[in-house]
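To start, the structure itself, in structure tokens.
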Amino acid sequence: MKTFLVALAVCVVFVSCKKSKEPSPEGKDLELTAAEKQNVKINNEFTFKLFADILKNEPGDKNLFTSPLSAGIVLGMTSNGSNGTTLNAMRSTLGFTDVAEPDMNSYYKKLSAGLPLVDPKVSLDIANSVWYRKGFEVLPEFKNTNATYYQAAIEALDFSSPSARETINSWVKEKTKNKIPSIIDSPIPGDVVMYLINAIYFKGQWKYQFDKSKTKKAPFYVDEDHPVQADFMTTDAVVKTSTIGNIRTVEIPYGNGKFSMVILQSSGNINLANFASDLSSSVWDEAVMNAHETKTTVILPKFKFDYEKVLNPELAQLGMGIAFNDGADFARINPVIQLKISVVKQKAFVEVNEEGTEAAAATSVEIVPTSMPSDPTITINRPFLFVIKENNTGLILFMGKVNNPV
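The working numbering numbers the first residue of the sequence shown as 416 and each following residue consecutively.
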């Protein structure tokens with residue numbers, strides 16, 4: 416029996432959407448047009464670029480977990496209020512430069528309606544909302560577009576009252592099944608006029624369950640000289656593996672096999688930040704397309720952690736810096752008061768155990784006026800990236816890094 420040891424950079428991808436109706440017992444694949452399949456590639460390319468920049472900006476020993484899909488959706492909503500150079504910069508950052516705005520909005524609407532029906536054994540929810548200061552005028556078209564295409568709840572609140580923050584945080588807590596208890600951690604600043612928020616929740620049981628009685632302590636190598644004792648789970652499973660260049664992947668299915676976690680491993684001892692910077696939508700597609708099924712024993716560490724990140728630096732690096740400065744143009748929200756984005760913040764949660772994976776993310780965009788201040792064994796025992804994806808479309812929802820599972 417061969418042993419396949421993995422020194423991992425792991426990426427996790429999820430898709431979460433609000434259910435419009437109960438899925439059938441068999442589930443229903445989401446069928447996309449050729450243009451919409453290209454939009455999936457656009458989403459995934461944004462995932463890899465954003466994650467690589469986050470990885471470069473964070474300490475090397477820190478675990479990361481994020482949902483670029485959540486960020487992309489809420490920035491798509493926000494872009495519906497932008498104009499001119501600001502609009503162009505936001506669309507370029509998201510990758511939708513050559514996609515008409517109605518087509519981008521329709522694509523996200525289709526994902527929201529179809530993805531929850533893909534696998535009845537996977538719980539998947541996505542929700543959007545727009546909260547604005549009572550008395551602040553918001554153009555009806557902006558509200559209508561986000562209500563129609565993003566099913567966004569839209570409400571005016573008295574931001575000067577503590578109850579406004581409580582209302583918004585309660586909404587986030589509910590939509591993420593208590594995994595993200597708050598998105599606004601301090602009193603709402605006096606200059607904030609709007610919050611746009613996306614929330615994603617995912618819960619999937621492994622198709623091949625890990626036997627709790629087989630879970631045991633073993634070393635996880637943060638680096639060659641620094642092992643830590645982690646809880647390792649073991650299961651016999653049919654997984655998909657591939658090797659493309661220096662990238663090796665292991666794909667572990669959830670539920671009926673419509674969603675999966677993909678573990679990405681470097682074939683050499685490469686720094687995870689450098690490894691992530693080599694990933695792209697085309698490399699990802701090649702790895703997934705060339706994956707083949709293998710019956711194997713999978714040994715994977717349990718892990719659970721929260722992650723929080725202000726995404727302004729990374730989004731500015733990707734090209735939308737103008738949206739954060741006084742030259743921003745959000746006249747399609749309010750044509751009288753000049754507005755800008757002050758903060759894009761994301762909070763995320765992930766837990767991987769013997770039963771499966773539970774994950775959630777919430778992303779907020781804060782708007783302010785500009786003028787105011789036998790078989791082979793696969794053992795994952797070194798740092799890795801992880802991704803959870805929907806398999807028919809290939810859409811990536813979350814991506815993470817586990818440097819230390821303990």
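Ideal Cβ positions, reconstructed from N, Cα and C, are used throughout, including at glycine. Bear in mind that the values here come from a model prediction, so they are computed numbers and not experimental data.
Rounded straight-line distance, which links the Cα of residue j to that of residue i
i, j, result
"Tyr623", "Ile782", "45 angstroms"
"Asp721", "Gly487", "20 angstroms"
"Ile541", "Phe718", "24 angstroms"
"Val759", "Asn807", "30 angstroms"
"Gly491", "Ala449", "21 angstroms"
"Leu470", "Thr501", "26 angstroms"
"Val677", "Val545", "33 angstroms"
"Asn627", "Asn559", "As written in the sequence, residue 627 is Lys, which differs from the Asn given in the question. Taking the straight line joining both Cα atoms gives about 49 angstroms."
"Ser578", "Ile748", "24 angstroms"
"Ile795", "Ser757", "40 angstroms"
"Leu526", "Val765", "22 angstroms"
"Thr493", "Ser485", "12 angstroms"
"Ser575", "Pro596", "21 angstroms"
"Leu532", "Asp444", "8 angstroms"
"Val537", "Leu726", "29 angstroms"
"Leu611", "Lys710", "45 angstroms"
"Asp646", "Gly550", "54 angstroms"
"Leu509", "Val653", "35 angstroms"
"Lys417", "Ile793", "Any reading at Lys417 needs caution, since the residue's pLDDT is 31, under 50, leaving its predicted position unreliable; the model's value is listed next. If I take the Cα positions, the gap works out to 9 angstroms."
"Val821", "Thr630", "14 angstroms"
"Asn495", "Pro791", "50 angstroms"
"Glu473", "Pro728", "11 angstroms"
"Asp518", "Ile603", "34 angstroms"
"Glu460", "Asn819", "26 angstroms"
"Glu723", "Ile811", "19 angstroms"
Residue span of the beta strand (DSSP E) that contains residue i, given as start and end
i, result
"Asn454", "Segment Ala449 to Asn472 is the alpha helix (DSSP H) holding Asn454; no beta strand (DSSP E) there."
"Asp721", "Phe718 to Val725"
"Arg548", "Val537 to Arg548"
"Lys632", "Lys631 to Asp638"
"Phe801", "Phe799 to Glu805"
"Met814", "Ile811 to Val817"
"Leu572", "Ala568 to Leu572"
Sub-8 angstroms separation of residue i and residue j beta-carbons
i, j, result
"Ala763", "Ile598", "no"
"Asn454", "Tyr522", "yes"
"Lys456", "Ser696", "yes"
"Lys594", "Ala775", "yes"
"Thr582", "Thr649", "no"
"Gly442", "Asp534", "yes"
"Ser482", "Phe801", "no"
"Ser675", "Ile667", "yes"
"Gly771", "Tyr669", "yes"
"Ala467", "Ser682", "no"
"Lys816", "Leu687", "yes"
"Arg797", "Phe635", "yes"
"Phe799", "Leu694", "no"
"Asn543", "Asn613", "yes"
Own chain, CB closer than 7 angstroms to residue i, minus 5 neighbours either side, in chain order
i, result
"Lys464", "Leu733"
"Asp741", "Lys755 and Thr785"
"Gln753", "Pro784, Thr785 and Ser786"
"Asn705", "Ser657 and Ile659"
"Glu437", "Caution applies to Glu437, whose pLDDT of 47 falls short of 50 and renders its modelled position unreliable; the value that the coordinates give is listed next. Nothing listed; no residue qualifies."
"Ile737", "Thr500, Thr501, Ala504 and Ala743"
Contact test: residue i Cβ vs the ligand FAD heavy atom, cutoff 7 angstroms
i, result
"Trp546", "The model on display carries no ligand, and the ligand FAD is accordingly not part of it."
Chain-order list of residues whose beta-carbon lies under 8 angstroms from that of residue i (same chain, five-residue window excluded)
i, result
"Gly499", "Asp744"
"His707", "Lys655, Thr656 and Ser657"
"Glu639", "Asn684"
Below-8 angstroms beta-carbon distance, residue i vs any chain B residue
i, result
"Asn807", "This model lacks chain B altogether; it includes just one protein chain."
First through last residue of the alpha helix (DSSP H) which encompasses residue i
i, result
"Asn559", "Pro555 to Tyr565"
"Phe647", "Run containing Phe647: none in the alpha helix (DSSP H); it sits in the beta strand (DSSP E), His641 to Ile659."
"Ala763", "Note, Ala763: premise wrong, no alpha helix (DSSP H); beta strand (DSSP E) at Leu754 to Val767."
"Phe617", "Here Phe617 belongs to no alpha helix (DSSP H); instead the beta strand (DSSP E) covers Met609 to Gln620."
"Tyr523", "Glu516 to Gly529"
"Leu532", "Looking at the DSSP string, Leu532 is not in any alpha helix (DSSP H), and its letter there is neither H nor E."
Residues near residue i by beta carbon distance below 6 angstroms, same chain, minus five either side
i, result
"Lys524", "Tyr564"
"Asn768", "Lys717"
"Glu451", "Tyr522"
"Gly619", "Val537, Tyr669, Gly670, Phe674, Gly771 and Thr772"
Per-residue DSSP class, three states only, for residue i
i, result
"Ala504", "helix"
"Leu479", "strand"
"Gly499", "helix"
"Pro577", "helix"
"Thr591", "coil"
"Phe674", "strand"
"Gln732", "helix"
"Lys710", "strand"
"Val698", "helix"
"Gly487", "helix"
"Glu437", "Bear in mind that the predicted position of Glu437 carries a pLDDT of just 47, short of 50, making it too unreliable to give a figure here."
"Ser779", "strand"
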